[in-house]
Amino acid sequence: AMADNKGNVLPGNTDFEKLEYLCQRTYKAQAVWFLNAFWDSFGEGEAENLWNYVHKAVEIDLDHREAGTHLNEMEAHRLLESFDETMTVREMRTYLRQHGAIGDRVKSVPLTHWWIAKYGEDWEKLVNASQGDNREEIEKAQAMVDEMNAAFEDADAKAQVAAAALREAQAREAESVAAAQAAKAAEDEAKAREQDAVAREQEALAREADAREAEAPFKAAQEELEAALAEMKAQEDAYNNKTAELKQQSEEGGVVSRNRAKVQLDAHLAEDPLPLRRAKITMEAAVKKADRARNAVATARVDAEAAAEQASKDRAAAEQAAAEATSARQAAEQSRAAAEKARAEATAARQAAEQSRAAAEQARAHSEQAKAAADAAREEAERQVAAAEEFLHEEMSKPGQAYGALWWIERELFEAKKYMPTSKGGIAK
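Remember, the numbering used here sits 40 above the position in the sequence shown when you count from 1.
As structure tokens, this is what we get:
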């Protein structure tokens, strides 16, 4: 078990046992005992060095920190190197054995061992040195300092946590706002693309309609001409077929049938073929009408045919453009839907960020309340410290007091003032 760090008398039947007990105390307790023992001879001048030794040992002792009592050999070498000490751990132990302070098998390095060897002091005097008779007052002052340090540390920790939470909430809010803006911009862009696609589709449909309208007159004239030609051919075929038939009958069969057929052939050839003549007239009218349609565009028939061909191409292109426009519109609708979803998500994220910000603000308010409470506690501690400082100065002016313990408390008060504003007696860190 760890040794009592507050007793004014070391337990043990021998000085050797007392030294072992002292070395089981914390680094700080060992230093205070050492300073109390040798304050008048050299302790006052070396107090700051012992302070530095203790805090360096706490820094090196990762497993125990302030509760540590000794270092291993590797850690002890690091401690000595940090202070440019020339004496080695082995030389220290040789000195201690020569003076009967330790036995043969010692692996740990308590600070007391180092200080005995470093300063060449009587270790038996050390373990029996008076620690003063003002223990109650010292413990009271120490409790006041400890309470004040705890208040400072608690307030500082809470303030840091609240500030970090606020910064995180603000960052999340800014991120969510940026995401919402980006989503809105994407949505607007998708809508613009959709409108553009619809416009292109309508334009393509209009071009297709124009092409079909331009093609219609030429197509109608062509169809009328083809119909007249077909009718004329049908009438010619009928006339010719009858002529061939009567001619064949006039050449074959009996005399009577041949003569009859010959008379009919002559009559057929002599008569006016009204249907055929009508068909030819119709054809001629269609040709003239077609000619008039062609004459309407003068010698631009080739151009009209090229225009018709181009119109067909334009129609195909228009159909393709319309299909592409429809596809683009559908893609734009999908993009718009995605943008709306992204915007909704961004809005939710922004709302969450706002909630986080509100929580952070509440946390900040709580931290400010905690800070106010810590400030109040600090002010009370400062008042108590001022009283403790006055008490310490008064006690240190008296002979026979535990000056090392009083100095250590005063030194801790000095460190505690680093948490205080300079306007209230604090010091810069």
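C-beta: ideal position from N, C-alpha, C; glycine also.
Item to check | Contacts around residue 117, its chain only, beta-carbon distance under 7 Å, and the 5 residues preceding and following it disregarded | outcome: Sequence index remark: in the sequence shown, residue 117 carries index 77 (1-based). For residue 117, where only same-chain residues beyond five positions count, the Cβ hits under 7 Å are 129.
Next on the checklist: From the DSSP secondary-structure annotation, give me the bridge partner or partners of residue 149.
Outcome noted: Position 109 of the sequence shown, counting from 1, holds the residue named residue 149. 111.
Checklist entry - Applying the criterion that 16 or more other CB atoms from any shown protein chain within 10 Å of the CB defines a buried residue, is residue 82 buried or exposed? => result Translated into the one-based positions of the sequence shown, residue 82 becomes position 42. Its Cβ having fewer than 16 others within 10 Å, residue 82 is exposed.
Item to check | Contact belief for residue 227 with residue 376 at Cβ below 8 Å, rounded distance in angstroms | outcome: Mapped onto the sequence shown, residue 227 falls at position 187. Mapped onto the sequence shown, residue 376 falls at position 336. That belief holds up - the Cβ atoms of residue 227 and residue 376 are roughly 6 Å apart, short of 8 Å.
Item to check | Helix, strand or coil at residue 353 according to DSSP, with G and I counted as helix | outcome: Counted from its first residue, the sequence shown places residue 353 at position 313. Three-state DSSP puts residue 353 in a helix.
Checklist entry - Mapping DSSP to helix, strand and coil, what is residue 396? => result Reading the sequence shown from its first residue, position 356 is the one you call residue 396. Helix at residue 396.
Checklist entry - Which residues mark the beginning and the end of the alpha helix (DSSP H) in which residue 76 is found? => result In the sequence shown, the residue the question calls residue 76 occupies position 36. That run of the alpha helix (DSSP H) goes 67-78.
Next on the checklist: Do residue 369 and residue 234 have their beta-carbon atoms positioned less than 8 Å apart in this structure?
Outcome noted: In the sequence shown, counting from the first residue as 1, residue 234 sits at position 194. In the sequence shown, counting from the first residue as 1, residue 369 sits at position 329. The answer is yes: Cβ separation under 8 Å.
Checklist entry - Helix, strand or coil: which one does DSSP assign to residue 430? => result Along the sequence shown, read from residue 1 onward, the residue named residue 430 stands at position 390. It is helical.
Next on the checklist: Restricting to Cα atoms, I'd like to know which of 176, 115 and 125 is closest to residue 445.
Outcome noted: Position 405 of the sequence shown holds residue 445. Here the closest residue by C-alpha is 176.
Checklist entry - Is there contact between the stretch 144-153 and the stretch 180-191, where contact requires at least three CB pairs shorter than 8 Å? => result no
Next on the checklist: What would DSSP say about residue 341, mapped onto helix, strand or coil?
Outcome noted: Here residue 341 refers to the residue found at position 301 of the sequence shown. With a pLDDT of 43 at residue 341, under the threshold of 50, the predicted position of this residue should be treated as unreliable, and no value is reported.
Next on the checklist: In whole angstroms, give me the CA-to-CA distance for residue 458 and residue 189.
Outcome noted: Residue numbering aside, residue 458 sits at position 418 when the sequence shown is read from its first letter. Residue numbering aside, residue 189 sits at position 149 when the sequence shown is read from its first letter. When rounded, the distance between both Cα atoms is 10 Å.
Item to check | Reduced DSSP category for residue 142 - H, G, I as helix; E, B as strand; rest coil | outcome: Within the sequence shown, the letter at position 102 stands for residue 142. Correct three-state label for residue 142: coil.
Item to check | Cβ separation of residue 398 and residue 205, assumed to be a contact under 8 Å, to the nearest whole Å | outcome: Counted from its first residue, the sequence shown places residue 398 at position 358. Counted from its first residue, the sequence shown places residue 205 at position 165. Between residue 205 and residue 398 the Cβ distance is about 11 Å, and since that is not below 8 Å, they are no contact.
Checklist entry - Is the Cβ-Cβ distance between residue 141 and residue 59 less than 8 Å? => result Taking the sequence shown and counting its residues from 1, the one referred to as residue 141 is at position 101. Taking the sequence shown and counting its residues from 1, the one referred to as residue 59 is at position 19. Yes, the Cβ-Cβ distance between residue 141 and residue 59 is below 8 Å.
Checklist entry - So what's residue 257 in DSSP terms, helix, strand or just coil? => result Locating residue 257 in the sequence shown gives position 217, counting from the first residue. In this structure, residue 257 counts as helix in the three-state DSSP scheme.
Next on the checklist: Is the beta carbon of residue 407 closer than 8 Å to that of residue 239?
Outcome noted: Numbered from its first residue, the sequence shown carries residue 239 at position 199. Numbered from its first residue, the sequence shown carries residue 407 at position 367. Going by C-beta atoms, residue 239 is not nearer than 8 Å to residue 407.
Checklist entry - What span of residues does the alpha helix (DSSP H) with residue 85 cover, start to end? => result Along the sequence shown, one-based indexing puts residue 85 at 45. Segment 84-100, the alpha helix (DSSP H) holding residue 85.
Next on the checklist: Our contact map puts residue 62 next to residue 201 with C-beta atoms below 8 Å; I'd like the distance itself, whole angstroms only.
Outcome noted: Position 22 of the sequence shown holds residue 62. Position 161 of the sequence shown holds residue 201. That pair is no contact at about 40 Å.
Item to check | Cut-off 8 Å between Cβ atoms - residues of its own chain near residue 308, not counting five sequence neighbours on either side | outcome: Residue 308 sits at position 268 when you count from the first residue of the sequence shown. Contacts found: 282, 283 and 286.
Checklist entry - By how many angstroms is the C-alpha of residue 388 removed from the C-alpha of residue 363? => result Position 323 of the sequence shown holds residue 363. Position 348 of the sequence shown holds residue 388. If I take the Cα positions, the gap works out to 37 Å.
Checklist entry - Relative to the alpha-carbon of residue 409, which residue among 393, 424 and 195 has its alpha-carbon at the smallest distance? => result Here the question's residue 409 lines up with position 369 in the sequence shown. Here the closest residue by C-alpha is 195.
Item to check | Alpha carbon of residue 86 to alpha carbon of residue 420, nearest angstrom | outcome: Here residue 86 refers to the residue found at position 46 of the sequence shown. Here residue 420 refers to the residue found at position 380 of the sequence shown. The straight-line gap from Cα to Cα measures roughly 32 Å.
Checklist entry - Exposed or buried, residue 153, counting other C-beta atoms within 10 Å across all chains shown (16 or more means buried)? => result Numbered from 1 along the sequence shown, position 113 holds the residue referred to as residue 153. It counts as buried.
Checklist entry - When DSSP labels each residue in this structure, what does residue 186 get in the three-state scheme? => result The residue labelled residue 186 in the question sits at position 146 within the sequence shown. It is helical.
Next on the checklist: If I measure Cβ to Cβ from residue 108 and keep anything under 8 Å in the same chain, skipping five residues before and after, which residues do I get?
Outcome noted: For the purposes of this step, residue 108 is taken as residue 68 along the sequence shown, with counting starting at 1. These residues qualify, in order along the chain: 66, 67, 97, 98 and 101.
Next on the checklist: Using a 10 Å radius around the Cβ and a threshold of 16 neighbouring Cβ atoms, would you call residue 280 buried or exposed?
Outcome noted: Counting from 1 along the sequence shown, the entry for residue 280 is found at position 240. Classification of residue 280: exposed, given that the 10 Å Cβ count is below 16.
Item to check | Continuous beta strand (DSSP E) assignments of at least 3 residues falling wholly in the stretch 158-182 | outcome: none
Checklist entry - Where does the unbroken alpha helix (DSSP H) through residue 295 begin, and where does it stop? => result In the sequence shown, the residue the question calls residue 295 occupies position 255. Residues 295-310.
Next on the checklist: For residue 382, tell me which candidate among 429, 222, 437 and 432 has the shortest Cα-Cα distance.
Outcome noted: As a working note, residue 382 is residue 342 in the sequence shown. The residue with the shortest Cα to Cα distance from residue 382 is 222.
Checklist entry - What are the boundary residues of the alpha helix (DSSP H) that residue 449 is part of? => result One-based indexing of the sequence shown puts residue 449 at position 409. Element bounds for residue 449: 443-456.
Checklist entry - Rounded to a whole number of angstroms, what is the C-alpha to C-alpha distance between residue 337 and residue 276? => result In the sequence shown, counting from the first residue as 1, residue 337 sits at position 297. In the sequence shown, counting from the first residue as 1, residue 276 sits at position 236. Caution applies to residue 337, whose pLDDT of 40 falls short of 50 and renders its modelled position unreliable; the value that the coordinates give is listed next. Taking the straight line joining both Cα atoms gives about 32 Å.
Item to check | Helix, strand or coil at residue 245 [DSSP, three-state] | outcome: On the sequence shown, residue 245 is found 205 positions in, with the first residue counted as 1. If DSSP states are grouped into helix, strand and coil, residue 245 belongs with the helices.
Next on the checklist: Can you check which of these residues, 135, 89 and 298, is closest to residue 124 by C-alpha distance?
Outcome noted: Position 84 of the sequence shown, counted from the first residue, corresponds to residue 124. When only C-alpha atoms are compared, the closest one is 89.
Checklist entry - What's the C-alpha gap between residue 246 and residue 253? => result Locating residue 246 in the sequence shown gives position 206, counting from the first residue. Locating residue 253 in the sequence shown gives position 213, counting from the first residue. Distance between the alpha carbons of residue 246 and residue 253 is about 10 Å.
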